[in-house]
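As structure tokens, the structure follows; a few thoughts come after it.
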Amino acid sequence: MYGGRNTSSTGSRSVPYSPASVYSDTSTTRSSTSSSRSSVASAARSVAGVFVSCFTPPVDTRSSTKSFADSDEFKPAASDALRAGSERKRGSNRGVYATANNSTHGREPGSVKFSMEEILKATRNFSSSFKVGQGGFGTVYRGRLEDGTLVAVKRAKKSVYDKHLGVEFQSEIRTLAQVEHLNLVKFFGYLEHGDERIVVVEYVPNGTLREHLDCIHGNFLDLAARLDIAIDVAHAITYLHMYTDHPIIHRDIKSSNILLTENFRAKVADFGFARLAADSDSGVTHVSTQVKGTAGYLDPEYLRTYQLTEKSDVYSFGVLLVELVTGRRPIEPKRELMERITAKWV
Ligand SMILES: Nc1ncnc2c1ncn2[C@@H]1O[C@H](COP(=O)(O)OP(=O)(O)OP(=O)(O)O)[C@@H](O)[C@H]1O
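873 is the number of the first residue of the sequence shown in the numbering used here; add one for each residue after it.
Next comes the structure, spelled out in structure tokens:
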């Protein structure tokens, strides 16, 4: 059922990302791309239609909502970064994308090899008070570079690179280095030194989408905010699928990989599982791979065939949309048998 990937008429995927090229059916790029890749944006548009027809836009309460960053010791720098144009507020132009040129940071994303000294200084020797999370890859610390840039420092646990002999790490680095989009967590650089594998990315101050759906931060996401988040994620996925040199399949779209800014806009994180999509120019339409991803979000066809295409991300995005609308988790083990798997339930 998977169709082949069409290529742009220019033969190049490095086209500037513009709302017109994504949303206009007359755009050369869009008209020449496969329906699989446009389905992310159209899914978001459909949900947008449902939301818009069902709900009167609520008053924007988010500006008055207290966020992580308000109490954060890094607050001044975080606020500066947000003010300086790397963010857009609700109601401003959708789909206007940051480029390296309007970055407020001193560093060009993706180009930096960090030294251990810089990392230790930024995280105060991996101080536990700077720890912000723990995931499959390792421990995440927040830090501040010498030039004031706020960063998240992802320190791989030893088993990760022992097991995969650095392959996953190298894959993450290559992927991170080639992407830049307002709705993707920005990559600043990395460190590979002895036993250490560290990735330095943009610090996104307001927690994960899942945390907000669980009301862990004490504020409720109104429907307009949820819609904005859905559209942000759709933009990020569309960019990965259509506008990088080689299409990138994220492979782990889920609410705990969606980070929120102070203005409750979404940035997609965690490219640890990312894998370049098959190149349609060579006639290959899928990548055969061992199954990776997160239970509840996994495309059943990918689970059955091990053949990965961009459609797997679109499926996960669909689960995410249901999660956004209902607040449910993709798997709810405490519910009755028939209701446990959200995709089936919905
Ligand atoms: N760029 C970031 N800015 C701020 N916090 C972050 C950032 N990246 C990660 N975090 C925090 O660290 C936690 C762990 O992130 P990580 O990406 O390592 O794992 P995960 O996505 O939660 O889990 P898994 O690796 O199993 O997919 C996140 O849940 C989030 O709270």
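The beta carbon of each residue, even a glycine, is placed where N, CA and C say it ideally should be.
Among the options, nearest to residue i - alpha-carbon criterion
{"i": "Leu-1081", "options": "Leu-1132, Lys-1058, Arg-1123", "result": "Leu-1132"}
{"i": "Thr-1198", "options": "Ser-1128, Gly-1079, Asp-1086, Thr-1177", "result": "Asp-1086"}
{"i": "Gly-1007", "options": "Lys-1026, Arg-1016, Val-1191", "result": "Lys-1026"}
{"i": "Gly-1190", "options": "Gly-1168, Gln-1179, Tyr-1013, Tyr-1111", "result": "Gly-1168"}
{"i": "Met-1114", "options": "Ala-1141, Asn-1135, Val-1051", "result": "Val-1051"}
{"i": "Glu-1064", "options": "Asp-1019, Pro-1172, Met-988", "result": "Met-988"}
{"i": "Glu-1134", "options": "Glu-1204, Ile-1109, Pro-1077", "result": "Pro-1077"}
{"i": "Val-1140", "options": "Val-1194, Pro-1119, Trp-1217, Leu-1054", "result": "Leu-1054"}
{"i": "Pro-1202", "options": "Thr-1177, Asp-1142, Lys-1126", "result": "Lys-1126"}
{"i": "Val-1186", "options": "Ala-1106, Asn-1129, Thr-1157, Asp-1142", "result": "Ala-1106"}
{"i": "Ile-1103", "options": "Thr-1157, His-1158, Ile-1130", "result": "Ile-1130"}
{"i": "Thr-1011", "options": "Arg-1069, Ile-1045, Glu-990", "result": "Arg-1069"}
{"i": "Val-1163", "options": "His-1122, Ile-1088, Thr-1157", "result": "His-1122"}
{"i": "Ser-1128", "options": "Gly-1079, Ser-1001, Gly-1020", "result": "Gly-1079"}
{"i": "Lys-1238", "options": "Leu-992, Gly-1066, Ile-991", "result": "Because the chain in this structure spans residues 873 to 1218, residue 1238 falls outside the shown range and cannot be described."}
{"i": "Glu-990", "options": "Gly-1020, Pro-1172, Thr-1110", "result": "Gly-1020"}
{"i": "Thr-1157", "options": "Pro-1172, Gln-1179, Asp-1142", "result": "Gln-1179"}
{"i": "Phe-1009", "options": "Asp-1117, Asp-1142, Phe-1002, Ile-1109", "result": "Asp-1142"}
{"i": "His-1118", "options": "Ser-1000, Ala-1049, Arg-996, Phe-998", "result": "Ala-1049"}
Beta-carbon gap between residue i and residue j smaller than 7 Å
{"i": "Ser-1188", "j": "Tyr-1174", "result": "no"}
{"i": "Val-984", "j": "Phe-1060", "result": "yes"}
{"i": "Arg-1014", "j": "Tyr-1075", "result": "yes"}
{"i": "Leu-1093", "j": "His-1084", "result": "yes"}
{"i": "Leu-1229", "j": "Ala-994", "result": "Because residue 1229 is not part of the residues shown, which for the chain are 873 to 1218, the question remains open."}
{"i": "Thr-1181", "j": "Ile-1120", "result": "no"}
{"i": "Trp-1217", "j": "Glu-1211", "result": "yes"}
{"i": "Val-1194", "j": "Thr-1214", "result": "yes"}
{"i": "Ile-1088", "j": "Tyr-1062", "result": "no"}
Nearest-angstrom beta carbon gap, residue j and residue i [assumed within contact, 8 Å]
{"i": "Asp-1100", "j": "Gly-1165", "result": "In fact, because the Cβ distance is near 25 Å, the residues do not count as touching under 8 Å."}
{"i": "Arg-846", "j": "Leu-1196", "result": "Coverage of the chain is limited to positions 873 through 1218, which leaves residue 846 absent and any answer about it impossible."}
{"i": "Val-1057", "j": "Val-1071", "result": "Not a contact, Cβ separation roughly 10 Å."}
{"i": "Ala-815", "j": "Val-1004", "result": "Residue 815 falls outside the range modelled here, since the chain spans only 873 to 1218, and no answer is possible."}
Any non-hydrogen atom of ligand 2 closer than 6 Å to residue i Cβ
{"i": "Asn-1129", "result": "Questions concerning ligand 2 fall outside what the structure shown contains, since the ligands it does hold are ligand 1."}
Which residue spans inside the stretch 1102-1150 form an unbroken beta strand (DSSP E) run of at least 3?
Complete beta strand (DSSP E) runs here, min 3: 1130-1132, 1138-1140.
Hey, which unbroken runs of the beta strand (DSSP E) at 3 residues or more fall wholly within the stretch 1058-1089?
The stretch 1058-1089 contains these whole beta strand (DSSP E) runs: 1059-1065, 1068-1074.
Counting only runs of 3+ residues fully inside the stretch 981-1008, write out the beta strand (DSSP E) ranges in chain order.
The stretch 981-1008 contains these whole beta strand (DSSP E) runs: 1003-1006.
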